[in-house]
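Asks: Count the sequence shown with the numbering used here and you get residues 1 to 405, in order.
Have a look at this one.
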Amino acid sequence: MLAAGSAAKAPWIQAPWVRAPFHKEQKQNNAHVCERPEQLAGERKSPSGQCELVQGAGDPAAAAMAPMGIRLSPLGVAVFCLLGLGVIYHLYAGVLSSRFAAFRQKKTVDLRELLALSIEAAVQGGREVKRIRVEDNLEERSKGKTKEGASEKLTLGDLNSHRKMYYLIKNTYPYLQVNSEEHDNSDGEATIWTRNIPSEILNKIPEGKLVPAESVTVWIDPLDATQEYTENLRKYVTTMVCVAVDGDPVLGVIHKPFTGFTAWGMVGGAANVNRRDSYNANNPKVIVSRSHAGKVKSFVQQAFGNSTEIIPAGGAGYKVLALLDVSDEEYEKADMYIHVTYIKKWDICAGNAILKALGGHMTTLKGEDIDYSGSEKNTGGLLASIDIDHKALVNRLPPWDENKY
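Next comes the structure, spelled out in structure tokens:
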């Protein structure tokens, strides 16, 4: 224990940014002087006459040991404020980060629900396509030239179908990436999906399947075979929706507006169409684009012989259905589908998914899988088959150069 008067003699601890008063002072000639014989740097008198020592640096731990009543300098206040703000920022940032992570984790979509929505979108778009064709109100115009120099037509049927299909999907899943062949500057359609899943889907696919929403890309073709649509060749016309997950086609819907027939398939789930009983790989019937029949004919005959039957047809959706056993009106029946020129992915994604769901294949002419997560262009040509050795077909094809066709 210290004696009563010994506190004044105890060593004085000087903390950084702390103003510490000396305890003793004496009057000499009516002036205040510090008792210390030596003059310390920074020593001065306060307005009250008290001796003070000001130091600007030191050990922060010393400040914590200083007696009560000590005043902090402006620098000390600033340092403490900055430290406090730093702690609050890191705590708050951590909370926000965890909340955003949880939010991102909730962004999933059920593929079974998305299949039902895709069917509804294709049907609603198809109603517009049919109505405008029946009313003969096409408002036909050109939206440019194809790579081959042909006029690429656009009709009111294309635009109205696009609005119905695109906004139905975006209003239901606004965070999904949706790529459509058409674009417009309208304010959109106030279309809402009822979330009704048809019993056919529930029976064939008893359970849903969740996938991350960020992995999904939706491709829609509001009116496939526009050229044939303007010529009133109705059997070739379809509306299509496809869903790709990480670039792989997993859901496909092909709807025929003028007959009401809808084909769909889900990879790993089910389909409402089937493979035919047999296919001929030796003397195949090959379905091709009617607008490029001349170019593809020589390519096909090099692979399968001059007697190979070529079936010209419009619309990529129609050509895929020609490979299948469908319950719609009578189709030309083909053993494979070949396309040698540039084609857009919204034209082929739905057919690719349906074929894949049934164990079939759709690749480039070099046998490469088509990635549906990036560019809209497929420049590698197209070979589609089912229940035939697809790799053997690829090996029979002649060397292919995209610049040649």
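Ideal Cβ positions, reconstructed from N, Cα and C, are used throughout, including at glycine.
From V129 to Y89, what does the alpha carbon distance come to, in whole angstroms?
Replies: If I take the Cα positions, the gap works out to 56 Å.
Asks: Secondary structure at W264, three-state DSSP: helix, strand or coil?
Replies: Here W264 sits in strand by DSSP.
Asks: Alpha helix (DSSP H) containing D347: first to last residue?
Replies: Note, D347: alpha helix (DSSP H), 345-357.
Asks: Taking the Cβ atom as the reference point for each residue, do K297 and I287 lie within a distance shorter than 8 Å?
Replies: Their beta carbons are not under 8 Å apart, which means K297 does not touch I287 by this criterion.
Asks: Name the DSSP bridge partner or partners of G305?
Replies: Per DSSP, none; premise fails for G305.
Asks: Is A213 helix, strand or coil when you go by DSSP?
Replies: Helix, per DSSP.
Asks: On the three-state DSSP scale, how would you describe D158?
Replies: Here D158 sits in helix by DSSP.
Asks: Which one or two residues does DSSP pair with T238 in a beta bridge?
Replies: Answer is D224, bridged to T238.
Asks: Since K366 and G380 are thought to touch, with beta carbons under 8 Å apart, how far apart are those beta carbons, to the nearest angstrom?
Replies: Right, the Cβ-Cβ distance comes to about 6 Å (below 8 Å), so this counts as a contact.
Asks: Give me whichever residues DSSP pairs with H255 in a beta bridge.
Replies: H255 is bridged to T239, T262.
Asks: Got a sec? Which residues, its chain only, sit under 7 Å from I205 by beta carbon, not counting five neighbours each side?
Replies: Result list for I205: R112, M266, G269, A270, in chain order.
Asks: Looking at the structure shown, is L383 part of a helix, part of a strand, or coil, going by DSSP?
Replies: Reduced to three states, the DSSP call for L383 is strand.
Asks: Could you check whether K345 and N395 sit closer than 8 Å to each other, using their CB atoms as the reference points?
Replies: Their beta carbons are not under 8 Å apart, which means N395 does not touch K345 by this criterion.
Asks: I'd like to check one pair, K391 with T341: are the Cβ atoms closer than 8 Å?
Replies: For T341 and K391, no; Cβs fall outside 8 Å.
Asks: Could you tell me which of T191, G315, E152 sits nearest to D224, measuring between CA atoms?
Replies: The candidate whose alpha carbon is nearest that of D224 is G315.
Asks: Give me the Cα-Cα distance between D325 and I386, rounded to the nearest whole angstrom.
Replies: Roughly 11 Å between the two C-alpha positions.
Asks: Just to check my reading of the structure: T239 and E140 have Cβ atoms closer than 8 Å, yes? What is that Cβ distance to the nearest angstrom?
Replies: 18 Å between Cβ atoms; not a contact.
Asks: Starting from V340 and walking both ways along the beta strand (DSSP E), at which residues does that stretch end?
Replies: Element bounds for V340: n/a, residue is neither H nor E.
Asks: Quick one: residues in its chain with C-beta nearer than 8 Å to the C-beta of S215, no 5 flanking neighbours on either side, listed in chain order?
Replies: V245, D246, listed in sequence order.
Asks: Quick check on D401: buried or exposed, where buried means 16 or more other Cβ atoms within 10 Å of its Cβ?
Replies: By the 10 Å Cβ count, D401 comes out exposed.
Asks: If you draw a straight line from the alpha carbon of D389 to that of K333, how long is it in whole angstroms?
Replies: Going by the C-alpha atoms only, they are around 18 Å apart.
Asks: Between which two residues does the beta strand (DSSP E) containing S289 stretch?
Replies: Taken as a continuous stretch (DSSP letters only), the beta strand (DSSP E) holding S289 covers 285-289.
Asks: Once DSSP output is grouped into helix, strand and coil, what is the label at T230?
Replies: Of the three classes helix, strand and coil, the one that applies to T230 here is helix, per DSSP.
Asks: Across the region 272-282 and the region 107-121, are there enough close Cβ pairs to call them in contact, namely three or more that are closer than 8 Å?
Replies: As far as the Cβ criterion goes, the region 272-282 does not touch the region 107-121, which means the pair count is below three.
Asks: Excluding the 5 residues flanking W193 on each side, which residues of the same chain have their C-beta closer than 7 Å to its C-beta?
Replies: Cβ neighbours of W193 beyond the five flanking positions: L117, E120, L168, T172.
Asks: According to the Cβ coordinates, are L384 and L323 closer than 8 Å?
Replies: The residue asked about is misnamed: residue 384 is Ala in this sequence, not Leu. A contact, by the Cβ cut-off of 8 Å.
Asks: Quick one: is V250 buried, meaning 16 or more other Cβ sit within 10 Å of its Cβ, or exposed?
Replies: It is buried - the Cβ of V250 has at least 16 other Cβ atoms within 10 Å.
Asks: In this structure, what does DSSP give as the bridge partners for S180?
Replies: I220.
Asks: What's the call for L397, buried or exposed, on a 16-neighbour Cβ count within 10 Å?
Replies: L397 should be labelled buried.
Asks: Roughly how many whole angstroms lie between the Cα atoms of A293 and P312?
Replies: Looking at the two C-alpha atoms, the distance is approximately 6 Å.
Asks: Using a threshold of 8 Å, state whether the C-beta atoms of H162 and S151 are closer than that.
Replies: No.
Asks: Counting C-beta neighbours from all protein chains within 10 Å, is the total for A353 16 or more, i.e. buried, or is it exposed?
Replies: That one is buried.
Asks: With DSSP collapsed to three states, give me the class of G374.
Replies: Correct three-state label for G374: coil.
Asks: If H255 sits next to A122, beta carbons under 8 Å apart, how far is it from one beta carbon to the other, in whole angstroms?
Replies: Right, their Cβ atoms sit about 4 Å apart.
Asks: Taking the alpha-carbon of P198 as reference, which of K235, G360, T262 has the nearest alpha-carbon?
Replies: For P198, the nearest C-alpha among the options comes from T262.
Asks: Counting only the same chain and skipping the five closest in sequence on each side, list residues whose C-beta sits under 8 Å from that of R127.
Replies: Excluding residues within five positions, the ones whose Cβ falls inside 8 Å are K164, P257.
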